[in-house]
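Data first, discussion second: the structure below is written as structure tokens.
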Amino acid sequence: MPVATVTGKRHTPDPRYYIGKGKLDELARVVRENEAELVLFNHPLSPSQERNLEKELSVRVIDRTGLILDIFAQRAQSFEGKLQVELAQLRHLSTRLVRGWTHLERQKGGIGLRGPGETQLETDRRLIANRIRQIQKRLEKVEQQRSQGRSARQRAELPVVSLVGYTNAGKSTLFNALTGAGVYAANQLFATLDPTLRRLQLTPNSTVILADTVGFIRHLPHELVAAFRATLREAAEADLLLHVIDANDERADETVSEVNRVLSEIGAGEVSQIQVFNKIDRLPGIEPRVEKNENGEIGKVWLSAKTGAGLPLLRNALTALFRGEAIRRRLHLAPTNAGLRAKLYGSARVLKEESDGTGGWDMEVELLARDVKLLREIDEIEASVSA
1 MPVATVTGKR HTPDPRYYIG KGKLDELARV VRENEAELVL FNHPLSPSQE RNLEKELSVR
61 VIDRTGLILD IFAQRAQSFE GKLQVELAQL RHLSTRLVRG WTHLERQKGG IGLRGPGETQ
121 LETDRRLIAN RIRQIQKRLE KVEQQRSQGR SARQRAELPV VSLVGYTNAG KSTLFNALTG
181 AGVYAANQLF ATLDPTLRRL QLTPNSTVIL ADTVGFIRHL PHELVAAFRA TLREAAEADL
241 LLHVIDANDE RADETVSEVN RVLSEIGAGE VSQIQVFNKI DRLPGIEPRV EKNENGEIGK
301 VWLSAKTGAG LPLLRNALTA LFRGEAIRRR LHLAPTNAGL RAKLYGSARV LKEESDGTGG
361 WDMEVELLAR DVKLLREIDE IEASVSA
């Protein structure tokens with residue numbers, strides 16, 4: 001447990017210590033008085049700043065990125081999750097080897113000679129680089145297996161719904177409530193690292209794949225975004241995102257913005273969303289409900305995954321979205337829309353097509369209501385034409 005908290009404001013970080021000299025003296029005093037063994041910075045520190053702080057404070061210093069990596073290492077359970085965390089840790093460590101062995105460099109020197117410290121540093125770098133390559137190759141094999149699984153689901157025409165959201169918003173609890181999967185869920189950060197997929201039977205004739213994914217956090221370290229890109233691809237290639245939000249969180253607007261930022265970074269920014277406001281059991285007077293946007297589409301669902309209140313509303317929303325009803329559309333495609341034409345031939349039923357004489361096409365197609373991505377692309381083209 002934290003024994004003390006030190007806060008401060010500064011327009012620009014100090015290049016040597018991140019904090020100013022006065023704040024450093026205050027921090028050193030707090031460390032001595034409380035006999036602290038570790039100092040955590042809620043900001044990313046450069047390798048030199050970490051070393052300078054440790055020298056002045058005489059205790060170990062960890063920045064925000066290092067703490068998150070440590071938590072991820074404790075939470076990872078699957079083979080893939082452990083590889084992803086190790087990859088992120090090695091990438092982070094590789095930036096902290098600079099001058100790590102300078103105390104040995106003075107022993108030897110001169111033209112044609114290398115100090116043993118430099119040799120050790122190069123050896124460490126080479127070992128880390130080799131291990132990173134090994135992990136990347138293993139993760140590539142895992143991703144190939146995931147791609148085969150996604151291809152099989154696409155051939156079976158099973159839509160994928162991914163749960164996304166800020167860490168500790170209740171995604172795994174909602175996942176269990178909907179599927180009965182028994183996935184580990186706890187009131188802690190990053191309780192879920194490994195993606196879990198389960199079939200969710202909405203009606204006798206309607207089934208979707210529900211995917212539980214890793215939780216996001218503000219200022220998610222770049223090393224983690226890169227390492228977990230394969231895992232997060234479940235969100236990027238989903239047909240629908242259920243953006244789970246802690247309705248009891250005073251900073252809900254901030255967390256929603258941060259999740260959307262990360263989704264854009266991994267290529268999932270354009271995937272359709274339904275915002276699921278969870279934990280309404282902690283808000284007196286709030287009843288389960290569904291809110292629609294200006295287009296009459298379901299945009300928000302208020303529920304409690306813990307008590308089950310509002311879960312039927314969410315299931316009904318998914319059933320309405322992914323029911324097997326066919327939608328007929330007539331559209332005009334310009335030559336620049338050849339990519340969409342190919343998608344329609346691959347995923348929809350083309351009832352009629354005629355050339356417009358200029359390289360474009362007039363088409364009549366039939367799609368399922370669950371083909372939300374194609375329907376959205378068609379709507380965007382029609383909107384641009386009418387504009």
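When the letters of the sequence shown are read in order and numbered with this note's numbering, they come out as residues 1 to 387.
By construction, the Cβ of each residue, glycine as well, lies at the ideal position given by its N, Cα and C atoms.
These numbers were taken from a predicted model, which means no experiment stands behind them.
Looking at the secondary structure, which residues open and close the beta strand (DSSP E) in which alanine 211 lies?
Looking up residue 211 in the sequence shown gives position 211. Looking at the DSSP string, the run of the beta strand (DSSP E) that includes alanine 211 is 206-212.
By the three-class DSSP mapping on this structure, what secondary structure does glutamate 35 have?
For the purposes of this step, residue 35 is taken as residue 35 along the sequence shown, with counting starting at 1. In the structure shown, glutamate 35 sits in coil (DSSP, three-state: anything other than H, G, I, E or B).
Work out the CA separation of lysine 55 and arginine 126 for me, nearest whole Å.
Residue numbering aside, residue 126 sits at position 126 when the sequence shown is read from its first letter. Residue numbering aside, residue 55 sits at position 55 when the sequence shown is read from its first letter. Approximately 27 Å between the Cα atoms of the pair.
Report the CB separation of glycine 310 from proline 288 in whole angstroms; it is logged as a contact under 8 Å.
On the sequence shown, residue 310 is found 310 positions in, with the first residue counted as 1. On the sequence shown, residue 288 is found 288 positions in, with the first residue counted as 1. Confirmed, about 3 Å.
Could you pull the DSSP bridge partners for serine 355 from this structure?
For the purposes of this step, residue 355 is taken as residue 355 along the sequence shown, with counting starting at 1. Trp361, per the DSSP bridge assignment.
So what does DSSP say about aspartate 14, is it helix, strand or coil?
Reading the sequence shown from its first residue, position 14 is the one you call residue 14. In this structure, aspartate 14 counts as strand in the three-state DSSP scheme.
In this structure, what does DSSP give as the bridge partners for serine 58?
Here residue 58 is taken as the residue at index 58 of the sequence shown, counted from 1. In the DSSP output, where bridge partners are listed per residue, serine 58 has none listed.
How big is the Cα-Cα spacing for glutamine 89 and leucine 178?
Within the sequence shown, the letter at position 89 stands for residue 89. Within the sequence shown, the letter at position 178 stands for residue 178. Their Cα atoms are separated by approximately 34 Å.
Got a sec, what are the start and stop residues for the beta strand (DSSP E) asparagine 278 sits in?
Residue numbering aside, residue 278 sits at position 278 when the sequence shown is read from its first letter. Residues 273-278.
Quick one: Cα of leucine 422 to Cα of isoleucine 286, how far?
This structure cannot settle anything about residue 422, because the visible part of the chain is limited to 1 through 387.
Between Thr65, Glu364 and Val3, which has its C-alpha nearest leucine 38's C-alpha?
What you label residue 38 is simply residue 38 of the sequence shown in a count that begins at 1. Of Thr65, Glu364 and Val3, the residue nearest in Cα terms is Val3.
If we cut at 7 Å on Cβ distances, does aspartate 25 have a partner in chain D?
Given the protein chain composition of this structure (a single chain), no chain D is represented.
By Cβ distance, which residues of its chain are closer than 6 Å to histidine 103, with the 5 residues on each side in sequence left out?
Taking the sequence shown and counting its residues from 1, the one referred to as residue 103 is at position 103. In this prediction, histidine 103 scores a pLDDT of 44, lower than 50, which makes its location untrustworthy; no coordinate-derived value is stated.
Please report the residue range of the alpha helix (DSSP H) in which leucine 303 lies.
Numbered from 1 along the sequence shown, position 303 holds the residue referred to as residue 303. Taken as a continuous stretch (DSSP letters only), leucine 303 belongs to no alpha helix (DSSP H), as it is neither H nor E.
So, with DSSP's three-state summary, where would you put leucine 45?
Here residue 45 refers to the residue found at position 45 when the sequence shown is read from its first residue. If DSSP states are grouped into helix, strand and coil, leucine 45 belongs with coil.
Going by C-alpha to C-alpha distance, which of Leu200, Gly296, Glu297 and Pro312 sits closest to leucine 303?
As a working note, residue 303 is residue 303 in the sequence shown. Ranking the options by Cα distance to leucine 303, first place goes to Pro312.
Kindly list the residues whose CB is nearer than 7 Å to the CB of arginine 282, restricted to its own chain and excluding five residues on each side of it in sequence; keep chain order.
Numbered from its first residue, the sequence shown carries residue 282 at position 282. Same-chain partners within the cutoff: Asn248.
Counting only the same chain and skipping the five closest in sequence on each side, list residues whose C-beta sits under 7 Å from that of leucine 351.
Start at 1 with the first residue of the sequence shown, and residue 351 comes out as number 351. Only Glu364, Val365 and Glu366 meet the Cβ criterion.
Figure out for me which residue from Thr95, Ile381, Lys292 and Tyr345 has the closest Cα to the Cα of glutamine 49.
The residue given as residue 49 occupies position 49 in the sequence shown. If we check each option's Cα against that of glutamine 49, Thr95 comes out closest.
Given that a residue counts as buried once 16 or more other Cβ atoms are within 10 Å of its Cβ, and exposed if not, what is phenylalanine 79?
Locating residue 79 in the sequence shown gives position 79, counting from the first residue. Per the 10 Å Cβ criterion, exposed.
Helix, strand or coil for leucine 104 per DSSP?
Within the sequence shown, the letter at position 104 stands for residue 104. Confidence at leucine 104 is low in this model, with a pLDDT of 42, below 50, so the placement of that residue is unreliable and no value is reported for it.
Would you check if the distance between the CB atom of glutamine 275 and the CB atom of lysine 300 is smaller than 7 Å?
Locating residue 275 in the sequence shown gives position 275, where the first residue counts as 1. Locating residue 300 in the sequence shown gives position 300, where the first residue counts as 1. Yes.
Can we say the region 164-173 touches the region 203-214, given the rule of at least three CB pairs closer than 8 Å?
Flag = yes, the region 164-173 and the region 203-214 touch.
For tyrosine 184, which of helix, strand or coil comes out of DSSP?
Reading the sequence shown from its first residue, position 184 is the one you call residue 184. With a pLDDT of 46 at tyrosine 184, under the threshold of 50, the modelled position of that residue is not reliable, and no figure is offered here.
Count the other C-beta atoms from every protein chain shown that fall within 10 angstroms of the C-beta of serine 384, then say buried if there are 16 or more, exposed otherwise.
For the purposes of this step, residue 384 is taken as the residue at position 384 of the sequence shown. Exposed is the call here.
Compute the Euclidean distance between the alpha carbons of asparagine 34 and glutamate 297, then round it to the nearest angstrom.
The sequence position of residue 34 within the sequence shown is 34, counting from 1. The sequence position of residue 297 within the sequence shown is 297, counting from 1. Taking the straight line joining both Cα atoms gives about 56 Å.
How should threonine 65 be labelled, buried or exposed, when 16 other C-beta atoms within 10 angstroms of its C-beta is the threshold for buried?
Taking the sequence shown and counting its residues from 1, one reaches residue 65 at position 65. When all chains shown are included, threonine 65 counts as buried.
Rounding to the nearest angstrom, what Cα-Cα distance links valine 271 and threonine 336 in this structure?
Within the sequence shown, the letter at position 271 stands for residue 271. Within the sequence shown, the letter at position 336 stands for residue 336. Spanning the two alpha carbons is a distance of roughly 22 Å.
For leucine 158, does the three-state DSSP call read helix, strand or coil?
By 1-based counting over the sequence shown, the position of residue 158 is 158. Coil at leucine 158, not helix or strand.
Tell me where the alpha helix (DSSP H) around arginine 289 begins and ends.
Stepping through the sequence shown from its first residue, residue 289 is reached at position 289. No alpha helix (DSSP H) contains arginine 289, which is instead part of the beta strand (DSSP E) from 289-292.
With distances taken from CA atoms, which of Leu242, Leu158 and Leu197 is nearest valine 208?
Looking up residue 208 in the sequence shown gives position 208. Considering only alpha carbons, the answer is Leu158.
Apply the 10 Å Cβ neighbour rule to histidine 92 and answer buried if 16 or more other Cβ atoms are within range, or exposed otherwise.
Within the sequence shown, the letter at position 92 stands for residue 92. Label assigned to histidine 92: buried.
When you compare the CB positions of valine 161 and phenylalanine 216, do they come within less than 7 Å of one another, or not?
The residue labelled residue 161 in the question sits at position 161 within the sequence shown. The residue labelled residue 216 in the question sits at position 216 within the sequence shown. In this structure, phenylalanine 216 does not lie closer than 7 Å to valine 161 by Cβ.
Could you spell out where the alpha helix (DSSP H) holding threonine 7 opens and where it closes?
As a working mapping, residue 7 is identified with position 7 in the sequence shown. From DSSP, threonine 7 is part of no alpha helix (DSSP H); its letter is neither H nor E.
Kindly indicate which three-state DSSP category arginine 328 falls into: helix, strand or coil?
Taking the first residue of the sequence shown as position 1, residue 328 is located at position 328. DSSP places arginine 328 in strand when its eight states are reduced to three.
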